[in-house]
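What follows is a single structure, written as structure tokens, with notes after it.
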Amino acid sequence: MSRDYEAELETELKQCEGRNKELLLDNSRLQLELENMKEKFEVQHSEALRHISTLEEDLSETTAVRDHLQKYIRELEQSNDDLERTKRATIMSLEDFEQRMNQVIERNAFLESELDEKENLLESVQRLKDEARDLRQELAVRQKDRRPSSSLGKDKDQPDLMCPSTGTQSIPVTPSKPFSSFATPPASSIRRGDGLTGTPLTTSARISALNIVGELLRKVGNLESKLASCRDFVYDTAVSRPALPAGAGSPSSFETSREVQATSMSPPPQYDSLVKRLEFGPAPPRGISQGAQSPQGGVKILL
Numbered sequence: 001m002s003r004d005y006e007a008e009l010e011t012e013l014k015q016c017e018g019r020n021k022e023l024l025l026d027n028s029r030l031q032l033e034l035e036n037m038k039e040k041f042e043v044q045h046s047e048a049l050r051h052i053s054t055l056e057e058d059l060s061e062t063t064a065v066r067d068h069l070q071k072y073i074r075e076l077e078q079s080n081d082d083l084e085r086t087k088r089a090t091i092m093s094l095e096d097f098e099q100r101m102n103q104v105i106e107r108n109a110f111l112e113s114e115l116d117e118k119e120n121l122l123e124s125v126q127r128l129k130d131e132a133r134d135l136r137q138e139l140a141v142r143q144k145d146r147r148p149s150s151s152l153g154k155d156k157d158q159p160d161l162m163c164p165s166t167g168t169q170s171i172p173v174t175p176s177k178p179f180s181s182f183a184t185p186p187a188s189s190i191r192r193g194d195g196l197t198g199t200p201l202t203t204s205a206r207i208s209a210l211n212i213v214g215e216l217l218r219k220v221g222n223l224e225s226k227l228a229s230c231r232d233f234v235y236d237t238a239v240s241r242p243a244l245p246a247g248a249g250s251p252s253s254f255e256t257s258r259e260v261q262a263t264s265m266s267p268p269p270q271y272d273s274l275v276k277r278l279e280f281g282p283a284p285p286r287g288i289s290q291g292a293q294s295p296q297g298g299v300k301i302l303l
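Going by UniProt numbering, the sequence shown runs without a break in its numbering and finishes at 303.
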């Protein structure tokens, strides 16, 4: 019994020793694996720390860039707001400027039309003055031509002649003094812009210019009426000349009648072409023009 028991114990001991060897081998193997794992862990931990530090640096840089971009965005928004306000102010200023420019353009167009009208009126006035000067020259030439014929007729006619009809006066052959108010430059010397500045005319200047033009028109109208009365008087005296009686009279009346006879000859056809009518209105009636003003005054204005 004891031997069997001892054999069993030995067998069990051998088995335990074998198992112990196996366990020791497993322990050593596991320790080696543990060491390998520790080394791998250390390596991975160091790599993770390096990666984390790199990410933290990138994060700090990204945060700084984000802060800078946010600040830049705020500055851009402020600049955009300033630009929008400036744009609105510029648009308002542009609209105001366009409105004022349109007003100035309308005013300049109105002033240009007034200047054109004034230039046309000045040209008409100058043309009428030239016609009046031509009429005066023609009348002076006709009077010089008729002086010899009137001196020859003085010896043949009666010494005493009756004066013209009542309401008329003698017409002087030559004027006592030249009428200097009509001495104006020719129409070619009147240019647009003479005496004018580049600045626009004010309201008072425009009113003054219109008043001057109206005064010129009134003077031209008076000149036309006086020319018409002078012509009517010449024609009337030419018609009434044969009815003058050869009665007695004073020497002064004889001289006056001789002057009337010198100026009352019927004009030739070429004289009619020189007598022009103005476009500013019809000529006054013959009776009104003779009664309202004397023919002598009309002849003085003409000369």
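Where a beta carbon is used, it is the ideal one built from N, C-alpha and C, also for glycine.
CB LEU210 to CB VAL125, shorter than 7 Å? No, the Cβ-Cβ distance between LEU210 and VAL125 is not below 7 Å.
Which whole-angstrom value is the C-beta distance of LYS118 and VAL220, which I expect to be below 8 Å? Contact between LYS118 and VAL220 fails: their C-beta atoms lie close to 14 Å from each other, not under 8 Å.
Per-residue DSSP class, three states only, for CYS230: In this structure, CYS230 counts as helix in the three-state DSSP scheme.
How is THR202 classed by DSSP in three states: helix, strand or coil? Coil, per DSSP.
Rounded to the nearest angstrom, what separates LEU23 and LEU34 at their Cα positions? Rounded to the nearest angstrom, the gap between the Cα atoms of LEU23 and LEU34 is 16 Å.
Decide if LEU135 is buried, meaning its Cβ has at least 16 other Cβ atoms within 10 Å, or exposed. By the neighbour-count rule (16 or more Cβ atoms within 10 Å), LEU135 is buried.
Answer with buried or exposed for VAL234, where buried requires no fewer than 16 other C-beta atoms within 10 angstroms of its C-beta. So VAL234 counts as buried.
Cβ-Cβ separation, LEU223 to ALA132 (assumed contact under 8 Å), whole Å: Under the criterion of beta carbons closer than 8 Å, ALA132 and LEU223 qualify as touching, at roughly 7 Å.
For SER2, collect the residues of the same chain with a Cβ closer than 7 Å to its Cβ; drop the 5 residues on either side in sequence, then sort them by chain order. Nothing listed; no residue qualifies.
Helix, strand or coil: how does DSSP classify ARG192 here? Low per-residue confidence applies at ARG192: pLDDT is 42, beneath 50, and the placement is therefore not dependable, though the value from the model is reported in the following sentence. DSSP places ARG192 in coil when its eight states are reduced to three.
Environment of ALA48 [buried if 16+ CB atoms lie within 10 Å]: That one is exposed.
What do you get for GLN103, buried or exposed, if any count of 16 or more other CB atoms within 10 angstroms of its CB means buried? Using a 10 angstroms sphere on the CB of GLN103, the tally of other CB atoms stays under 16, which defines it as exposed.
Counted within 10 angstroms of its Cβ, other Cβ atoms place SER60 as buried (16 or more) or exposed: So SER60 counts as exposed.
Pairwise C-alpha distance: LEU76 and residue 304: Because the chain in this structure spans residues 1 to 303, residue 304 falls outside the shown range and cannot be described.
On a Cα-Cα basis, can you pick out the residue from ARG231, ARG218, ARG19 that is closest to LEU121? If we check each option's Cα against that of LEU121, ARG218 comes out closest.
For ALA89, count neighbouring C-beta atoms within 10 Å of its own C-beta (all shown protein chains included) and say buried if the count is 16 or more, exposed if not. It is exposed - the Cβ of ALA89 has fewer than 16 other Cβ atoms within 10 Å.
Taking the alpha-carbon positions, what's the LEU9 to LEU32 distance? Each residue's Cα considered, the two are about 34 Å apart.
How big is the Cα-Cα spacing for LEU83 and GLN70? In a straight line, the C-alpha of LEU83 is about 20 Å away from that of GLN70.
Which whole runs of the alpha helix (DSSP H) in the region 17 to 55 are 4 residues long or more, in chain order? Within the region 17 to 55, no complete alpha helix (DSSP H) run reaches 4 residues.
MET45 versus VAL65 - alpha carbon distance: The sequence as given places His at residue 45; Met does not occur at that position. C-alpha separation (whole angstroms): 30 Å.
Simplified DSSP state of ALA243, which is helix, strand or coil: The pLDDT assigned to ALA243 is 45, lower than 50, so where the model puts this residue is not dependable, and the model offers no usable value.
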